[in-house]
DNA sequence: CGTGTAAGGAATTCTGACACG
DNA sequence: CGTGTAAGGAATTCTGACACG
C-alpha cells in the first residue's frame, strides 16, 4: 500500500505540464537542466520526466534568479548544502559505529 | 508550502507513463475510461492526464477484472459506495446543523 | 547570461474501426 | 466483453542554432 518512493519524488510529469505547474517556459526549464540545477529522467524515446519535487525546486530556482542570482551561484549553493549534509551524516555514522579514525 | 490538492490527486501523468506504472496497455486504460471507471483530465490539445490516485484505481480495476468481474459491475460497486458515503455525510450535516426535517 | 524563436524531425497520443470471441 | 492492432492525423517534445544583450 505504501509506495517505495513517495509520489513526490517519482518522475512522471512531462515538460509541458511542468511548464504549466511552474509558470516557466520550456526553454527555461531545459536551460536550468543544462546548468545542472535540475535532473529529469527520460522515457525510452528521450522525453523528459519531472517529479513534484522537481516542480518545487524549479519554482525556488526561478525565485532566486528573479532575485538576481546566477545559475552557477545557485548550483554552488546546492553543492555546499549537499556537502554539509554529507559531513553530518558521516559524523553520525562514525559515532554510531564507533569507527572514528 | 502545502499544496491545495495533494500530489496524489493532481492529474499530471500521461497515458504512456500511466501504462508503465500500472502495467496495463493504453488500450485497456482508454477502455476503462469509456466504461466510466476512470476520469482523466485533458490538456488543451486533448492529451489525457492521470493522477497517482488514478494509477492506484487502475490497478484495483485490473485486479477485479482478473477476478472475473465485469466493468459494469465494478462501476455499480463504485456508485453504491459513493451513495453510502453521501448518505453518511448528509446525516452528519443534518445532525450538526439540526436541520433534520 | 538567460531566454525567445523558427526549423525539422522524432516520439507520443488521439479517434474510429476491424477483429476475435 | 475486453483487448489487440493498423491507420492517419494531430499534439508534444527534442536538439542545435541564431538572436539579443
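Chains as they are written, first to last, in this note's numbering: chain A, 672 to 772; chain B, 672 to 772.
Virtual Cβ for every residue (Gly too), placed ideally from N, Cα, C.
- Query: If residue 713 of chain B and residue 720 of chain B are in contact, beta carbons under 8 Å, what's the gap, nearest whole angstrom?
  - Reply: 7 Å
- Message: Quick check on the burial criterion: 16 or more other C-beta atoms within 10 angstroms. Buried or exposed for residue 730 of chain B?
- Response: exposed
- Query: Between which two residues does the alpha helix (DSSP H) carrying residue 683 of chain B extend?
  - Reply: Careful: residue 683 of chain B lies outside any alpha helix (DSSP H) and carries neither H nor E.
- Item | Cutoff 8 Å: residue 687 of chain B Cβ touching any chain A Cβ | yes
- Which bits of chain A does residue 678 of chain B rub up against, with CB to CB less than 7 Å? 678, 679, 723
- Query: Between the segment 682-700 of chain B and the segment 679-687 of chain A, are three or more C-beta pairs nearer than 8 Å?
  - Reply: yes
- Message: At the level of alpha carbons, what is the spacing between residue 724 of chain B and residue 716 of chain A?
- Response: 26 Å
- Task: At 4 residues or longer, and completely inside the segment 700-751 of chain B: list those alpha helix (DSSP H) runs for me, N to C.
- Result: 723-737
- Task: Quick one: list the residues of chain A neighbouring residue 742 of chain B, beta-carbon separation under 7 Å, in chain order.
- Result: Ordered by position in chain A, no residue passes the 7 Å Cβ test against residue 742 of chain B, which lies about 24 Å from the chain.
- Where does residue 755 of chain B land, buried or exposed, given buried means 16+ other C-beta within 10 angstroms? exposed
- Item | Own chain partners of residue 692 of chain A with C-beta closer than 8 Å, once the 5 adjacent residues on each side are dropped | 684, 726
- Query: Going straight from the alpha carbon of residue 765 of chain B to that of residue 739 of chain A, what length do you get?
  - Reply: 55 Å
- How should residue 750 of chain B be labelled, buried or exposed, when 16 other C-beta atoms within 10 angstroms of its C-beta is the threshold for buried? exposed
- Query: What number of angstroms, rounded off, separates the C-alpha of residue 704 of chain B from the C-alpha of residue 732 of chain B?
  - Reply: 11 Å
- Task: Consider the Cβ of residue 720 of chain A: report whether some Cβ of chain B lies at a distance smaller than 8 Å.
- Result: yes
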